[in-house]
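Chemist: In my numbering, the protein residues as written are 36 to 350.
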Amino acid sequence: MGYVKIFQNEKAKFNGQDFPKMIFFTGKGGVGKTTCASLFGKTLANQQNRVLIVSTDPAHSLGDSFRIKLKPGEIVKISDSTLYVVELSFKEKGYDGQKSKINFFSEILFPTSEEFSILYEVSDLLVNILNKNNIFDYILFDMAPSGHTLRVLNFPNKLKTYLRKIYKLNSSINKVRHSNNSSLTKNLGSKRKIQETIIRLKVLLKMLRSPSICQFILVGIPEYLSYIESVRTFEALNKIGIHCNNYILNKIETLREDEISCLFCSHRIKKQKEITNLIKNHFQGLNVLSIPLKNLEIDMNRANDELHAIFQEIL
36 MGYVKIFQNE KAKFNGQDFP KMIFFTGKGG VGKTTCASLF GKTLANQQNR VLIVSTDPAH
96 SLGDSFRIKL KPGEIVKISD STLYVVELSF KEKGYDGQKS KINFFSEILF PTSEEFSILY
156 EVSDLLVNIL NKNNIFDYIL FDMAPSGHTL RVLNFPNKLK TYLRKIYKLN SSINKVRHSN
216 NSSLTKNLGS KRKIQETIIR LKVLLKMLRS PSICQFILVG IPEYLSYIES VRTFEALNKI
276 GIHCNNYILN KIETLREDEI SCLFCSHRIK KQKEITNLIK NHFQGLNVLS IPLKNLEIDM
336 NRANDELHAI FQEIL
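#1: Going by the CB atoms, is the gap between Gly62 and Glu264 shorter than 8 Å?
#2: CA-CA distance, Lys112 and Ser73?
#3: Does the distance between the C-beta of Met57 and the nearest non-hydrogen atom of the ligand MG fall short of 7 Å?
#4: Could you give the DSSP three-state label for Asn166: helix, strand or coil?
#5: CA-CA distance, Leu154 and Val187?
#6: Which residues in the same chain have their Cβ closer than 6 Å to the Cβ of Pro257, if we skip the five residues on either side of it in sequence?
#7: Helix, strand or coil: which one does DSSP assign to Ala344?
#8: Taking Asn336 as the reference, which of Ile283, Glu156, Ile103 has the closest Cα?
#9: Using 8 Å for Cβ pairs, my map puts Leu160 next to Val89. What's the rounded Cβ distance?
#10: Please determine, among Glu150, Asn84, Ile304, the residue with the shortest C-alpha to C-alpha distance to Ile170.
#11: Kindly indicate which residue of Leu284, Glu150, Met242, Phe318 has the alpha-carbon position closest to the one of Leu342.
#12: With H, G and I counted as helix, E and B as strand and the rest as coil, what does DSSP make of Met242?
#13: In whole angstroms, what is the alpha-carbon distance linking Gly129 and Phe59?
#14: Roughly how many angstroms separate the alpha carbons of Ile333 and Gly64, rounded to a whole number?
#15: For the candidate residues Glu122, Thr232, Tyr262, Leu243, whose alpha-carbon lies nearest to that of Val323?
#16: Might you give, ordered along the chain, the residues of its own chain that have their beta carbon closer than 7 Å to the beta carbon of Phe190, omitting 5 neighbours on each side?
#17: Along the chain, where does the alpha helix (DSSP H) containing Cys297 start, and where does it finish?
#18: Give me the residue from Cys297, Phe75, Ser245 with the minimum Cα distance to Ile277.
#19: Using C-beta distances below 7 Å, list every residue in its chain close to Ala271, excluding the 5 sequence neighbours before and after it, in chain order.
#20: Span of the beta strand (DSSP E) holding Val430?
#21: Between which two residues does the beta strand (DSSP E) harbouring Ser325 extend?
#22: Round the Cβ separation of Ile248 and Met242 to the nearest angstrom and send it over; I've been treating them as touching at under 8 Å.
#23: By the three-class DSSP mapping on this structure, what secondary structure does Asp115 have?
#24: Compute the beta-carbon to beta-carbon distance between Ile280 and Gln319, rounded to the nearest angstrom, for a pair I have assumed lies under 8 Å.
#25: Taking the C-alpha atoms as reference points, what is the distance between Lys329 and Pro93?
#26: Can you tell me whether Val157 is helix, strand or coil according to DSSP?
#27: Is the CB-CB distance between Ser2 and Leu79 below 8 Å?
#28: Hey, could you find the ends of the beta strand (DSSP E) Leu284 is sitting in?
#29: Can you name, in chain order, every residue of its own chain whose Cβ lies under 8 Å from the Cβ of Ile287, other than the five neighbours on each side?
#30: Bridge partners for Tyr173 per DSSP, in chain order?
#31: Can you check which of these residues, Asn163, Ile345, Thr91, Phe54, is closest to Asp172 by C-alpha distance?
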């Protein structure tokens, strides 16, 4: 196949330092990103890898997947395994860690604080892991729906433009008011802190663009809307230099048309086959992994040997 595997046992490195490999699961809402990230995390942990699954979706469901209640930002170990999970907290923060008081002008000129919060929390998490001598082998990110994820990934490229506008407006206000204590400057913090934040986000973006460290996995289902969303996401990721070599096609009905008598089910399976062929033809350079539709909801606290065996294909 033409795809590149990054899940071998060799350590990833960033700037000469050992670093955990990062895998991001992205796709349309409702296609099973959380389930796939959780299953893949358990598959890796079963091989004695130290794995952290991180939910960056503001509407978290990672804890629900493992039938546990997670406190925001708290890393929790799953039973006696080498698997850990965390749901990041995205409260509006200023550069000094205080609650941001974004006023009328900055709301007009500055991107939504949610995108910034997600990137800042992720970078903060990675810095803490490095400071603890890289305690994980893999970090899996359960992302929000792809449209939201792409806005987050594009945020560092837009940040400088917004900051230039704000400083320009701030300078104009100061000239009119003959004052150097504009609320805009207070809300954004000092210029030095802003520059430090820009550098941090640039480093994160460099990591995301490094195929030896980071890989995105598209998750979809055999429906047309999911297919189109996957195409757009894949093209957008390529445009910003982020690598994606694997596609998980989830909820595949395994029965053949001649095995069922239900007209509705027969039509669904026929349509599913058409979309599956579309996906495989469009993403020929990717490893397309098919996950069967199960008759019961997947419970992460039970054995899922069949599904773990499927995920072995991309290891």
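Backbone N, C-alpha and C fix where the C-beta goes; we use that ideal spot for every residue, glycine too.
Modeler: In short:
#1: In the sequence shown, the residue the question calls residue 264 occupies position 229. In the sequence shown, the residue the question calls residue 62 occupies position 27. For Glu264 and Gly62, yes; Cβs fall inside 8 Å.
#2: Residue 112 sits at position 77 when you count from the first residue of the sequence shown. Residue 73 sits at position 38 when you count from the first residue of the sequence shown. The alpha-carbon atoms of Lys112 and Ser73 are separated by roughly 13 Å.
#3: Annotation note on the ligand MG: not contained in the displayed structure, which lists no ligands.
#4: Locating residue 166 in the sequence shown gives position 131, where the first residue counts as 1. If DSSP states are grouped into helix, strand and coil, Asn166 belongs with the helices.
#5: The residue you call residue 154 lines up with position 119 of the sequence shown. The residue you call residue 187 lines up with position 152 of the sequence shown. Cα-Cα distance, rounded: 7 Å.
#6: By 1-based counting over the sequence shown, the position of residue 257 is 222. If we look at Pro257 and ignore the five residues flanking it on each side, its Cβ neighbours are Gln307, Ile310, Thr311.
#7: Your numbering for residue 344 matches position 309 in the sequence shown. If DSSP states are grouped into helix, strand and coil, Ala344 belongs with the helices.
#8: Within the sequence shown, numbered from 1, the residue matching residue 336 stands at position 301. Among Ile283, Glu156, Ile103, the Cα nearest to that of Asn336 belongs to Ile103.
#9: Position 125 of the sequence shown, counted from the first residue, corresponds to residue 160. Position 54 of the sequence shown, counted from the first residue, corresponds to residue 89. At roughly 7 Å, the Cβ-Cβ gap stays under 8 Å, so Leu160 and Val89 are in contact.
#10: Reading the sequence shown from its first residue, position 135 is the one you call residue 170. Closest by alpha carbon: Asn84.
#11: Your numbering for residue 342 matches position 307 in the sequence shown. When only C-alpha atoms are compared, the closest one is Leu284.
#12: Translated into the one-based positions of the sequence shown, residue 242 becomes position 207. In the structure shown, Met242 sits in a helix (DSSP, three-state: H, G or I).
#13: Here the question's residue 129 lines up with position 94 in the sequence shown. Here the question's residue 59 lines up with position 24 in the sequence shown. Any reading at Gly129 is ruled out, since the residue's pLDDT is 44, under 50, leaving its predicted position unreliable.
#14: In the sequence shown, residue 333 corresponds to position 298, counting from 1. In the sequence shown, residue 64 corresponds to position 29, counting from 1. One C-alpha to the other measures close to 18 Å.
#15: Stepping through the sequence shown from its first residue, residue 323 is reached at position 288. For Val323, the nearest C-alpha among the options comes from Tyr262.
#16: Here residue 190 is taken as the residue at index 155 of the sequence shown, counted from 1. Correct list, in chain order: Pro146, Glu150, Phe151, Leu154.
#17: For the purposes of this step, residue 297 is taken as the residue at position 262 of the sequence shown. Element bounds for Cys297: n/a, residue is neither H nor E.
#18: Numbered from 1 along the sequence shown, position 242 holds the residue referred to as residue 277. Answer by Cα proximity: Ser245.
#19: The count along the sequence shown starts at 1 and reaches residue 271 at position 236. These residues qualify, in order along the chain: Leu185.
#20: There is simply no residue 430 to check, as the chain begins at 36 and stops at 350 in what is shown.
#21: Mapped onto the sequence shown, residue 325 falls at position 290. 322-327 is the extent of the beta strand (DSSP E) around Ser325.
#22: Counting from one through the sequence shown, the residue named residue 248 turns up at place 213. Counting from one through the sequence shown, the residue named residue 242 turns up at place 207. That pair is a contact at about 5 Å.
#23: The residue given as residue 115 occupies position 80 in the sequence shown. In this structure, Asp115 counts as coil in the three-state DSSP scheme.
#24: For the purposes of this step, residue 280 is taken as the residue at position 245 of the sequence shown. For the purposes of this step, residue 319 is taken as the residue at position 284 of the sequence shown. At residue 280 the sequence reads Asn, which differs from the Ile that was named. That belief does not hold up - the Cβ atoms of Asn280 and Gln319 are roughly 12 Å apart, past 8 Å.
#25: Counting from 1 along the sequence shown, the entry for residue 329 is found at position 294. Counting from 1 along the sequence shown, the entry for residue 93 is found at position 58. Cα-Cα distance, rounded: 27 Å.
#26: Position 122 of the sequence shown, counted from the first residue, corresponds to residue 157. Three-state DSSP puts Val157 in a helix.
#27: Past the boundaries of the shown model lies residue 2; the chain is included only from 36 to 350, so the question cannot be answered.
#28: As a first step, residue 284 is located in the sequence shown; it is residue number 249 there, counting from the start. Run containing Leu284: 279-287, per the beta strand (DSSP E) assignment.
#29: Taking the sequence shown and counting its residues from 1, the one referred to as residue 287 is at position 252. So the list reads Pro257, Gln307, Thr311, Ser325, Ile326, Pro327, Leu328, once near-sequence residues are dropped.
#30: The sequence position of residue 173 within the sequence shown is 138, counting from 1. Partner(s): Lys56, Val86.
#31: Here residue 172 is taken as the residue at index 137 of the sequence shown, counted from 1. Minimum Cα distance to Asp172 is reached at Phe54.
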